[in-house]
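Under the working numbering, think of the first position of the sequence shown as 5, with each following residue one higher.
Every residue gets a Cβ at the ideal spot worked out from N, C-alpha and C, and that includes glycine.
In what follows, a structure is listed as structure tokens, so that the remarks can point back to it.
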Amino acid sequence: MSELTVKAEKLDAGDELAAKRAEFVLDGPEGAVYLDGNSLGALPVAVPGRVADVVGRQWGEMRIRSWTESGWWTAPERIGDRIAPLVGAAAGQIVVGDSTSVNVFKALVGAVRLAQENGPGRDEILVDATTFPTDGYIAGSAARMTGCTLRPVEPSEVPGALGERTAAVLLNHVDYRTGRLHDLPSLTAAVHAAGAYAVWDLCHSAGALPVGLDEHGVDLAVGCTYKYLNGGPGSPAYLYVRADLQERFDSPLPGWNSHAEPFGMRSEYAPAEGAVRGRVGTPDILSMLALEAALEVWDGVTVEAVRAKSLALTDFFLECVGTYVPEGRVECLTPLPHEERGSQVALRCADAGPVMQRLIGRGVVGDFRHPDVLRFGFTPLYVGFADVERAARVLAEELG
Numbered sequence: 005m006s007e008l009t010v011k012a013e014k015l016d017a018g019d020e021l022a023a024k025r026a027e028f029v030l031d032g033p034e035g036a037v038y039l040d041g042n043s044l045g046a047l048p049v050a051v052p053g054r055v056a057d058v059v060g061r062q063w064g065e066m067r068i069r070s071w072t073e074s075g076w077w078t079a080p081e082r083i084g085d086r087i088a089p090l091v092g093a094a095a096g097q098i099v100v101g102d103s104t105s106v107n108v109f110k111a112l113v114g115a116v117r118l119a120q121e122n123g124p125g126r127d128e129i130l131v132d133a134t135t136f137p138t139d140g141y142i143a144g145s146a147a148r149m150t151g152c153t154l155r156p157v158e159p160s161e162v163p164g165a166l167g168e169r170t171a172a173v174l175l176n177h178v179d180y181r182t183g184r185l186h187d188l189p190s191l192t193a194a195v196h197a198a199g200a201y202a203v204w205d206l207c208h209s210a211g212a213l214p215v216g217l218d219e220h221g222v223d224l225a226v227g228c229t230y231k232y233l234n235g236g237p238g239s240p241a242y243l244y245v246r247a248d249l250q251e252r253f254d255s256p257l258p259g260w261n262s263h264a265e266p267f268g269m270r271s272e273y274a275p276a277e278g279a280v281r282g283r284v285g286t287p288d289i290l291s292m293l294a295l296e297a298a299l300e301v302w303d304g305v306t307v308e309a310v311r312a313k314s315l316a317l318t319d320f321f322l323e324c325v326g327t328y329v330p331e332g333r334v335e336c337l338t339p340l341p342h343e344e345r346g347s348q349v350a351l352r353c354a355d356a357g358p359v360m361q362r363l364i365g366r367g368v369v370g371d372f373r374h375p376d377v378l379r380f381g382f383t384p385l386y387v388g389f390a391d392v393e394r395a396a397r398v399l400a401e402e403l404g
């Protein structure tokens, strides 16, 4: 037994989150090592039974009564309040629904409208130049619709790029390729100092590390729920609008669900109060209630404990890779300092695509990002240290 195998056993024995693994549907100890939770989280064991109840009883037997008697109508705000503590927000500021892309559009156009309402001349949007492509596409459309120019900027260069013309800035909290964690507090402060509004994409940070939306005065934020929040494929995203901005938030997608009188069927639109303004149309109830069941795995868990384990897992993986993998075969793209690291490790590898396929064939599931990146995500609620050691050992064997 190698020293790292022994170390993994000791780390697993002292893991305060180890019991959470039993709350997920996972292969046994001889099965797959799942390191792709940053793309799709594992299935929580409570979800199938809950979905069966929603379909069979709430829909099948109660039918339309479930909008009131089963709480369907209030699910977007209720589940938003369940997510709120995981991103450092007080209740009443998050609404669940639609996709991340749709919520990026709502948040960014809403932010520009807030800026332009404050005074003339705010006609520029800054967007993270390293962003996930869809965010860039949406930002471009938002710019065209609001009469703004779009300027892609590296996150570290944002403070120097801000000016009197800046209306809004769209940034990713964690870079999806490299796992780099950007400095949300200081960048948000810089955006505010310039008189602009900060919109953050939390897809790769929510459920993996502390965000502190309220603490750091973030204006608007969006995020998906199928990664570290384990909501399932296509589970609805969420929109955060800071409480003191909600009265002025002018959504570019007003719908009957966000109307002050949704069943009044008025021809004129009057926005509802609070986070409800972020709603559009009929909620996607089946996936939304599956998400609600999935979020129960967070009972008794703090984001701080998750962050501590995340850093320990990624540290140990880097140690194992450094020990096992032949020198020069991979290059780590993920920052080593904890304050700059999300919950994934990205390794540059010349033949990354074929290597990842071989890893998956041997039960180590990560993913490949074009052109040469092996990406491994570490979900602390169900990934253990023995998983990490095995993944690095198999990687070394495939690269040897």
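Check whether the segment 306 to 321 and the segment 210 to 219 touch, using three or more Cβ-Cβ pairs below 8 Å as the test.
Result yes; three or more Cβ-Cβ pairs closer than 8 Å.
Can you name, in chain order, every residue of its own chain whose Cβ lies under 7 Å from the Cβ of Leu-8, other than the five neighbours on each side?
Cys-324, Thr-327 and Glu-393.
Contact defined as beta carbons within less than 8 Å: I believe Leu-174 pairs with Ala-198. What is the distance between those atoms, to the nearest angstrom?
Their Cβ separation, rounded to whole angstroms, is 14 Å, which puts Leu-174 and Ala-198 out of contact at 8 Å.
Looking at the structure shown, is His-263 part of a helix, part of a strand, or coil, going by DSSP?
Of the three classes helix, strand and coil, the one that applies to His-263 here is strand, per DSSP.
Report the three-state DSSP secondary structure of Asn-42 (helix, strand or coil).
Residue state, collapsed to three classes: coil.
Here's a check: name, in chain order, each residue in its chain whose Cβ is nearer than 7 Å to the Cβ of Gly-41, leaving out the five neighbours to either side.
If we look at Gly-41 and ignore the five residues flanking it on each side, its Cβ neighbours are Lys-231, Tyr-232, Gly-381 and Thr-383.
Would the beta-carbon of Ala-93 fall within 7 Å of that of Asp-218?
For Ala-93 and Asp-218, yes; Cβs fall inside 7 Å.
For Asp-391, collect the residues of the same chain with a Cβ closer than 7 Å to its Cβ; drop the 5 residues on either side in sequence, then sort them by chain order.
If we look at Asp-391 and ignore the five residues flanking it on each side, its Cβ neighbours are Val-37.
Counting C-beta neighbours from all protein chains within 10 Å, is the total for Thr-286 16 or more, i.e. buried, or is it exposed?
It counts as exposed.
Specify the secondary structure class of Thr-135 as computed by DSSP and reduced to three states.
Residue state, collapsed to three classes: coil.
For the candidate residues Val-245, Ala-79, Ala-350 and Phe-389, whose alpha-carbon lies nearest to that of Val-377?
When Val-245, Ala-79, Ala-350 and Phe-389 are compared, the shortest CA-CA separation from Val-377 is found for Ala-350.
Cα-Cα separation between Gly-221 and Gly-388, rounded to whole angstroms:
Taking the straight line from one Cα to the other gives about 34 Å.
Going by Cα to Cα distance, which pick from Lys-14, Leu-399, Ser-70 and Lys-24 is closest to Thr-306?
Comparing Cα-Cα distances from Thr-306 to each of Lys-14, Leu-399, Ser-70 and Lys-24, the minimum goes to Lys-24.
My guess is that Met-292 and Ala-79 are in contact by the Cβ rule of under 8 Å, so how many angstroms apart are they, rounded?
With a beta-carbon spacing of about 5 Å, Met-292 and Ala-79 fall inside the 8 Å limit used to define contacts.
With distances taken Cα to Cα, identify the nearest neighbour of Val-99 among Ala-279, Arg-86 and Thr-318.
Closest option to Val-99, Cα to Cα, is Ala-279.
Short check: CB of Gly-282 to CB of Leu-243, under 7 Å?
Yes, the Cβ-Cβ distance between Gly-282 and Leu-243 is below 7 Å.
At what residues does the beta strand (DSSP E) containing Arg-373 begin and finish?
Note, Arg-373: beta strand (DSSP E), 371 to 373.
Can a CB atom of chain B be found closer than 7 Å to the CB of Leu-154?
Protein chain content of the structure displayed is limited to a single chain, and chain B is not contained in it.
Between Val-178 and Leu-185, which are expected to be in contact by the criterion C-beta below 8 Å, what is the C-beta distance as a whole number of angstroms?
Beta-carbon to beta-carbon, Val-178 and Leu-185 are separated by about 5 Å, close enough to satisfy the 8 Å threshold.
Using 8 Å as the cut-off, can you tell me whether the segment 246 to 260 makes contact with the segment 102 to 116, which would need three or more C-beta pairs spanning the two stretches below that distance?
Here the segment 246 to 260 makes contact with the segment 102 to 116; the two share three or more CB pairs at distances below 8 Å.
Please report the straight-line C-alpha distance between Val-54 and Ala-294, rounded to a whole angstrom.
In the sequence as displayed, the identity of residue 54 is Arg instead of Val. Spanning the two alpha carbons is a distance of roughly 7 Å.
Sort Gln-348, Arg-379 and Arg-333 by Cα distance to Leu-403 and report the nearest one.
The shortest C-alpha separation from Leu-403 is found at Arg-333.
Flag this pair as yes or no: are the beta carbons of Val-157 and Leu-118 separated by less than 7 Å?
Between Val-157 and Leu-118, the C-beta spacing is not below 7 Å.
Terminal residues of the alpha helix (DSSP H) in which Glu-173 lies:
It should be noted that the sequence gives Val, not Glu, for residue 173. From DSSP, Val-173 is part of no alpha helix (DSSP H) but of the beta strand (DSSP E) over 170 to 176.
Please identify the residue among Ala-298, Ala-50 and Pro-339 whose C-alpha is closest to the C-alpha of Thr-318.
For Thr-318, the nearest C-alpha among the options comes from Pro-339.
Skipping 5 residues on each side, what residues in its chain have a beta carbon closer than 8 Å to that of Ser-43?
Excluding positions up to five away in sequence, the list reads Lys-231, Asp-371 and Gly-381.
Paired residues, beta bridge with Tyr-242 - DSSP
Bridge partners of Tyr-242: Val-100 and Gly-227.
Using the Cα positions of Ala-146 and Asp-288, report the straight-line distance between them to the nearest angstrom.
For the pair Ala-146 and Asp-288, the Cα-to-Cα distance works out to about 25 Å.
Look at Ala-115 and Tyr-180 and say whether their C-beta atoms are less than 7 Å apart.
It is not a contact, given that the beta carbons lie outside the stated cut-off.
With a threshold of 16 other CB atoms inside 10 Å of the CB of Asp-355, please say whether the residue is buried or exposed.
Taking every protein chain shown into account, the CB of Asp-355 has fewer than 16 other CB atoms within 10 angstroms, so this residue is exposed.
According to DSSP, is Gln-361 part of a helix, a strand, or is it coil?
In the three-state DSSP reduction, Gln-361 falls in the helix class (H, G or I).
In the DSSP assignment, what are the bridge partners of Leu-378?
Per DSSP, Leu-351 and Phe-372.
Within 10 Å of its beta-carbon, does Arg-397 have 16 or more other beta-carbons around it, so buried, or fewer, so exposed?
Under the 10 Å beta carbon count, Arg-397 is surrounded by 16 or more other beta carbons and is classified as buried.
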